[in-house]
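Asks: Quick one: the structure is below, and I'll ask about it shortly.
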Amino acid sequence: MLFSSLDFAIFLPIVFVCYWFLFGKNLKFQNLFLLIASLVFYGWWNWKYLSLLIFSTIVDYSVCSLLVDEKRKSVRKALLLVSICVNLGFLGFFKYQHFFIQSFNDAFSFFGQPIGLRALSFLLPVGISFYTFQTMSYTIDVYKNRLTASKNFIQFAAFVSFFPQLVAGPIERATNLLAQIQKERKFDSTLAVIGLKQILWGFFKKLVVADNCAIGANMIFDNYENYSGSTLLIGAILFSFQIYGDFSGYSDIAIGISRLFGFNLMKNFAFPYFSRDIAEFWRRWHISLSTWFRDYVYFPLGGSQFGFWKTLRNTFAIFLISGFWHGANWTFVAWGGLHALFFLPLLIQKKNRKNLEIVAHNTVLPSLMDFLNMVLTFGLVMIGWIFFRSPTVSDAFQFVLKLMSASLFDPIHPRVSNSIDLSFIFIAVCLVVEWLGRRSEFALQHTLSAFPRLVSWSFYSVLVFIIFVFMQTNETPFIYFQF
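Quick note: the sequence shown uses my numbering, first residue 314, plus one each step.
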């Protein structure tokens, strides 16, 4: 069920009314209803894959229940291994078996011994990468005694399947979301209003910015051989804002909806295109995933505690794994490896934690140096997105080589130039609003607080009007649903 669909427009008000007015005074029934609503939300897409979600939930709940009283290290490790194998087994089978079989076939064909193994064909369960990591973090935390296992299956299942963030994050930790599920909740009008603002801004970024940018980006990437470097540059910029508007827009909608139900999810994007280096970009882009890899991969490997070379190894490991997490294609691995190379100079110079505050924190405009660093960082990120978007690594290299050729100075193709004006206007509006709101949790949280109510409500009304006028008639799935 897409957030932007008519089905969800009917589903959300019904769930909201029942949640607060029928079950709001009883935590047990409130959580049970939340669980049922979440399963309906997920099953609306394909009810057959509910079994995977439910089975994973049962396994992790059972494992952690056994870990509570188990003191033997060997048994505890075995229980943890069961949870990890089940979760990664499902993820590997459904998401990566075709990739591994194809790579295996290609390797044998390269040496002149084709074997023709066939991969099974089926739909990728939506959101499997997100809820798999969410449940794994819970089991690992219980195993390491960082967290007390839940004794209430309904509460735990509601944590795993919480519908606003189930299919595309943020990837929540039990210390945050499960802790809130376990506590009584009362309707907070202030929190709900903040949530509505965040939902509105999320829909603007998704339906207006991302979906309009997608038209030009798809046109250019799907026929990049026929365009000059100048047109390819436009395509790379459009996709950069398409994926940002799409994914950060989803996160804003998910977090905003959660606020309507009395929950505060973790911040997943912190204005990443205002970053001044790649390290800052990764502290601001898909924060729930980058912190997950930091806590459950980078730190267990030793982090930065054992000298430069092991720090370098660990850094490349998390970037490559992060790339592979995004999809079963060498383009994603190349994208991760490219970011590791971009990160390397900062690591060598020990400047990877230089920019911790948001740019121009106490001023209206950035300094010239900050501005140039933002442009450079965006350029590097944009090159990375070319690999992310291209169907093959070879296509990505051809795209980049053409982008860097003399044709970069050719006129933009007329077919493209006639269809991108609105997209760049929407990008400009997005950048201005986010720049003004960059010190807040999300762009609209406090941006208009100093203005009279008439001004703020007029602005929100204009946003709603723009969304309904310029949204695409065909539903465009969120990009990260495929992950």
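C-beta: ideal position from N, C-alpha, C; glycine also.
It should be emphasised that the depicted structure is a prediction, and the values quoted were computed from it without experimental measurement.
When burial is assigned at 16 or more other CB atoms within 10 Å of the CB, is Ile323 buried or exposed?
Replies: Working through the sequence shown from its first residue, we reach residue 323 at position 10. Per the 10 Å Cβ criterion, exposed.
Asks: Find out if the Cβ-Cβ distance for the pair Ala527, Thr786 is shorter than 8 angstroms.
Replies: The sequence position of residue 527 within the sequence shown is 214, counting from 1. The sequence position of residue 786 within the sequence shown is 473, counting from 1. For Ala527 and Thr786, no; Cβs fall outside 8 angstroms.
Asks: Use the C-beta contact count for Met687: other C-beta atoms within 10 angstroms, 16 or more gives buried, fewer gives exposed.
Replies: Within the sequence shown, the letter at position 374 stands for residue 687. Counting the other Cβ atoms within 10 Å of the Cβ of Met687 gives 16 or more, which makes it buried.
Asks: What residue from Phe739, Ile371, Leu490, Arg589 has the CA that sits closest to Asn665's CA?
Replies: Sequence index remark: in the sequence shown, residue 665 carries index 352 (1-based). The option with the nearest alpha carbon to Asn665 is Arg589.
Asks: How is the alpha helix (DSSP H) around Asn581 delimited, first residue to last?
Replies: Residue numbering aside, residue 581 sits at position 268 when the sequence shown is read from its first letter. No alpha helix (DSSP H) holds Asn581; DSSP gives it neither H nor E.
Asks: What residue range does the alpha helix (DSSP H) around Thr544 cover?
Replies: The sequence position of residue 544 within the sequence shown is 231, counting from 1. It spans 542-573 - the alpha helix (DSSP H) in which Thr544 sits, taken as one unbroken run.
Asks: Can you look up Val381 in the DSSP assignment and give me helix, strand or coil?
Replies: In the sequence shown, residue 381 corresponds to position 68, counting from 1. Taken through DSSP and simplified to helix, strand or coil, Val381 comes out as helix.
Asks: May I have the straight-line CA-CA distance separating Ser803 from Thr628, to the nearest angstrom?
Replies: This structure does not reach residue 803, given that the chain is present from 314 up to 796, and the question cannot be answered.
Asks: Classify Gly440: buried if its beta carbon has 16 or more other beta carbons within 10 angstroms, exposed otherwise.
Replies: Counting from one through the sequence shown, the residue named residue 440 turns up at place 127. Its Cβ being crowded by 16 or more others within 10 Å, Gly440 is buried.
Asks: I'd like to confirm something about Tyr537: is its beta-carbon nearer than 7 angstroms to some heavy atom of the ligand ADP, or not?
Replies: You won't find the ligand ADP in this model; it holds no ligand whatsoever.
Asks: Give every residue of the same chain whose Cβ lies closer than 6 angstroms to the Cβ of Phe570, excluding the five residues on either side of it in the sequence, and list them in chain order.
Replies: Residue mapping note: residue 570 aligns to position 257 of the sequence shown, counting from 1. Here residue 570 is Ile; the residue named in the question, Phe, does not match the sequence. If we look at Ile570 and ignore the five residues flanking it on each side, its Cβ neighbours are Pro477.
Asks: Compute the Euclidean distance between the alpha carbons of Val768 and Val775, then round it to the nearest angstrom.
Replies: The residue you call residue 768 lines up with position 455 of the sequence shown. The residue you call residue 775 lines up with position 462 of the sequence shown. For Val768 and Val775, the distance between alpha carbons rounds to 11 angstroms.
Asks: Quick check on Cys398: buried or exposed, where buried means 16 or more other Cβ atoms within 10 Å of its Cβ?
Replies: On the sequence shown, residue 398 is found 85 positions in, with the first residue counted as 1. Under this definition Cys398 is an exposed residue.
Asks: Just to confirm, are Trp605 and Phe407 a CB contact at a threshold of 8 angstroms?
Replies: Taking the sequence shown and counting its residues from 1, the one referred to as residue 605 is at position 292. Taking the sequence shown and counting its residues from 1, the one referred to as residue 407 is at position 94. No. Outside cutoff.
Asks: For Pro679, which of helix, strand or coil comes out of DSSP?
Replies: Counted from its first residue, the sequence shown places residue 679 at position 366. Reduced to three states, the DSSP call for Pro679 is coil.
Asks: Compare the beta carbon distance of Ala709 and Phe722 with 8 angstroms and say whether it is the shorter of the two.
Replies: The residue given as residue 709 occupies position 396 in the sequence shown. The residue given as residue 722 occupies position 409 in the sequence shown. For Ala709 and Phe722, no; Cβs fall outside 8 angstroms.
Asks: I need the boundaries of the alpha helix (DSSP H) containing Thr705, first residue and last residue.
Replies: Position 392 of the sequence shown holds residue 705. Here Thr705 belongs to no alpha helix (DSSP H), and DSSP marks it neither H nor E.
Asks: Between Phe684, Ala719, Ile371, His674, which lies nearest to Leu749 when the distance is taken from Cα to Cα?
Replies: If you number the sequence shown from 1, residue 749 lands on position 436. Measuring from the Cα of Leu749, the nearest candidate turns out to be His674.
Asks: Hey, which unbroken runs of the alpha helix (DSSP H) at 4 residues or more fall wholly within the stretch 725-789?
Replies: 727-730, 734-749, 766-783
Asks: Between the alpha carbons of Leu365 and Phe443, how many angstroms are there, rounded?
Replies: Taking the first residue of the sequence shown as position 1, residue 365 is located at position 52. Taking the first residue of the sequence shown as position 1, residue 443 is located at position 130. About 13 angstroms.
Asks: Counting beta carbon pairs with one atom in the stretch 537-549 and one in the stretch 710-721, are three or more of them shorter than 8 angstroms?
Replies: yes
Asks: Out of Ile634, Gln662, Val672, Met579, which one is the CA nearest neighbour of His652?
Replies: The sequence position of residue 652 within the sequence shown is 339, counting from 1. His652 has its Cα closest to that of Ile634, out of Ile634, Gln662, Val672, Met579.
Asks: Quick check on DSSP: helix, strand or coil for Val672?
Replies: Position 359 of the sequence shown, counted from the first residue, corresponds to residue 672. Here Val672 sits in coil by DSSP.
Asks: Which residue marks the beginning of the alpha helix (DSSP H) containing Leu509, and which one marks its end?
Replies: Taking the sequence shown and counting its residues from 1, one reaches residue 509 at position 196. For Leu509, the enclosing alpha helix (DSSP H) covers residues 502-516.
Asks: What alpha helix (DSSP H) runs, 4 residues minimum, are completely inside the stretch 441-499?
Replies: 441-456, 466-474, 490-494
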